[in-house]
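Its first residue numbered 1, the sequence shown is counted upward by one per residue in the working numbering. We put the CB at the ideal spot given by N, CA and C, even for glycine. Written below as structure tokens is the structure these notes are about.
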Amino acid sequence: MSKIILTVDDSRTMRDMLRMALTAAGFEVVQAEDGVHGLEVLAEQKPDVIITDINMPRMDGFSFIENVREDDQYRAVPILVLTTESDADKKLRARTAGATGWIVKPFDPVKLVDAVRRVAA
Numbered sequence: 001m002s003k004i005i006l007t008v009d010d011s012r013t014m015r016d017m018l019r020m021a022l023t024a025a026g027f028e029v030v031q032a033e034d035g036v037h038g039l040e041v042l043a044e045q046k047p048d049v050i051i052t053d054i055n056m057p058r059m060d061g062f063s064f065i066e067n068v069r070e071d072d073q074y075r076a077v078p079i080l081v082l083t084t085e086s087d088a089d090k091k092l093r094a095r096t097a098g099a100t101g102w103i104v105k106p107f108d109p110v111k112l113v114d115a116v117r118r119v120a121a
């Protein structure tokens, strides 16, 4: 059975790139356009890994991660942050919110898939 990956990003192009890289590696992909939509998708899906952007409308990645971590059933789900940000303070804030790892855009599809496989194991 393939692992389910939830991707949360306001960029359609980025969602498409993530879907292509992850489905090619055998993962099932569900997508959300921002943090609010991500929480709605979580109400219907139980992903094995979540990949989220930080800078999004309605609800940013930090708030999304905090909301996910407040729900006991998702407390242990790995969350990878995929963002153009590389600021140490933002990395710390994401980790404090409950992020598992950090990947900088633009991403290398092979490295992304490797990171997802590592945390999904």
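Chain D within 8 Å of residue i, Cβ atoms only
i	result
Asn55	Absent here is chain D; the protein component of the structure consists of one chain.
Exposure label - residue i; buried when at least 16 CB within 10 Å
i	result
Pro78	buried
Leu112	buried
Asp89	exposed
Asp16	exposed
Asp71	exposed
Pro106	exposed
Residues that DSSP places opposite residue i in a beta bridge
i	result
Val49	Ile5
Thr100	Paired residue(s): none; Thr100 is not in a bridge.
Thr83	Val104
Glu28	Ile4
Nearest candidate by alpha-carbon position, reference residue i, set the options
i	options	result
Arg117	Arg19, Val49 and Met17	Val49
Ala76	Val68, Arg12 and Leu82	Val68
Trp102	Val110, Ser86 and Thr23	Ser86
Thr83	Asp16, Arg58 and Val104	Val104
Arg95	Glu66, Ala121 and Val119	Glu66
Asp114	Asp72, Pro47, Ala21 and Asp71	Ala21
Thr23	Gly38, Leu6, Ala121 and Glu33	Leu6
Glu33	Pro47, Ala120 and Met59	Met59
Gln73	Leu42, Ala120, Asp53 and Ile54	Leu42
Arg12	Leu39, Pro47, Asp53 and Glu40	Asp53
Beta-carbon spacing of residue i, residue j below 8 Å
i	j	result
Gln45	Ile4	yes
Met56	Asp108	no
Gly98	Val81	no
Glu28	Ser2	yes
Presumed contact (8 Å Cβ cut-off) between residue i and residue j, rounded CB distance
i	j	result
Val8	Gly35	7 Å
Leu18	Ile51	6 Å
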